[in-house]
DNA sequence: TATTATTGTAACAATTTGATACAATAATAA
DNA sequence: TTATTATTGTATCAAATTGTTACAATAATA
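Chains as they are written, first to last, in this note's numbering: chain A, 2 to 244; chain B, 2 to 244.
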């Protein structure tokens, strides 16, 4: 849980936010045939966390998640979906957050609003890796992409959150045709198949995959992509939004 | 939003609960070939609402939903699932709740904790209609089953909540094999097919349906059910939990 | 110009699903 | 007792989908 804290927001009240409620976002990207997620790192503590934030009193819950996403990636109009609410008592662990605040030179009281119990609404986002620009928040000193396949330990219950986000993404992939959000605007059939295989964690038959995708009528074929190697050049495709 | 209010909980603080956070439950039942949901009705106001409640400071979020479900139906160990969080500003409308409290002889201040903005976590439950005993809460005077197909207007955004719950149930039905939770322990193939058709809102082919269900290996065939009319008696089946 | 690896698609098999048909059979009525 | 009736369980075949293999058509390189 790493939250945006402007100076005036570090006061104990947190009065401009809904109390005890947070959003955490699992931001997926795809690069070098690997699924990645965006993580924040805190100086001196070595702690890694999902981008998160609080909900303003004057803000819709979903808009808070969009704001967090925009603040960490610079991106608007991104595929973003609620997937689960994490509300167990066991997730309350003020130790790492206190360490982060102390590393920042703060000396929070035990009843500081940031150290209390939080219920967190989990969102996952699918972004074009080439367009997102990772931006740290006020408490963290770096923000970057990490391979999902080799994820380091995360703060609090964030590993559970990531696991649940991936499970939801896997279940949603065919039902909602959302994979395209992870690719740049044009892509080859091999790119798309690799994406599907990586998300689902299984190999797919090339012929059947191509037949299925083309049969859905949701991509249009563009020019060929040359300079791909000593072989026939693949076509590029573009996703056609169903509107 | 109808919440359990014991006398000492009507005090303005609501201090034993997480502030600004609620759960609302869409409790599905199936009877007379109709999908039903459980609703609370408030005296003098004519308002109908989903069963809901608050999360104790010492309680897991999911346990709060289980508690609400148990308090309204008397049932434990019920299929219960989070499906969406409702957090828009537009859902904040203190008028109906004030009317309910006034009908109860209360005169709440404008800043009474019950009249503030709430983010609500939506759950849906699937119960055996024959086993649930609807029990009103402290603010309501009746609790009963209503046909989903002819739902009267509900308080606040509860109609949206019901619509989203149904959409989730429809999407989950085949993927998770959860329909059995709505039937009594034994049922005929016709019962099960009618349930599926009612939830999905479409007719299914009898032969294919039977073949599919039997092919899944998740039901065991019991004795025949006689006295069903002037025709061949159907078998009864029982769901085999996959453990 | 030959070689190489990959692509697009055809072709066929295997499987699943859709639709129809029909014998079996409980309850009711004749 | 016997015929009638509606429903059930399953078989059968057609249609659609999916799994698998095969192969000609290339771009780049040697």
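All residues carry an ideal CB built from backbone N, CA and C; glycine is no exception.
Asked, Found
"Closest by CA to residue 188/A, which one among 58/A, 93/A, 65/A, 226/A?", "226/A"
"The beta strand (DSSP E) with residue 25/A in it runs from where to where?", "18 to 32"
"Can you determine whether any heavy atom of the ligand MG sits closer than 7 Å to the C-beta of residue 109/A, and answer yes or no?", "The model on display carries no ligand, and the ligand MG is accordingly not part of it."
"Per the DSSP calculation, residue 1/A is bridged to which residue(s)?", "Here chain A has residues from 2 to 244 only, and residue 1/A is not among them."
"Determine which residues share a DSSP beta bridge with residue 144/B and list them.", "41/B"
"Please name the residue in 38/B, 109/B, 132/B whose C-alpha comes closest to that of residue 76/B.", "132/B"
"Given residue 134/A, which residues of its chain have a CB within under 6 Å of its CB, disregarding the five upstream and five downstream residues?", "75"
"Can you grab the Cα-Cα spacing for the pair residue 22/A / residue 22/B, in whole Å?", "8 Å"
"Quick one: measure Cβ to Cβ for residue 73/A and residue 28/A, integer angstroms, because I've assumed they're closer than 8 Å.", "7 Å"
"Cα-Cα, which of 84/A, 89/A, 114/A is closest to residue 246/A?", "There is no way to answer for residue 246/A, as the model of chain A reaches only from 2 to 244."
"Step through the CB atoms of chain A and report whether any lies within less than 8 Å of the CB of residue 115/B.", "no"
"Step through the CB atoms of chain A and report whether any lies within less than 8 Å of the CB of residue 21/B.", "yes"
"Considering only their Cβ atoms, is the gap separating residue 125/A from residue 160/A smaller than 8 Å?", "no"
"First and last residue of the beta strand (DSSP E) that includes residue 128/A?", "No beta strand (DSSP E) holds residue 128/A; DSSP gives it neither H nor E."
"Within the stretch 71 to 109 of chain A, note down every full alpha helix (DSSP H) run reaching 4 residues or more, in order along the chain.", "95 to 104"
"Beta carbons nearer than 8 Å to chain A: which residues of the stretch 44 to 58 of chain B have them?", "56, 58"
"Would you call residue 233/A buried or exposed, if buried means 16 or more other Cβ atoms sit within 10 Å of its Cβ?", "exposed"
"Within 10 angstroms of the Cβ of residue 228/B, are there 16 or more other Cβ atoms? Answer buried if so, exposed if not.", "exposed"
"Is DSSP giving residue 119/A helix, strand or coil here?", "coil"
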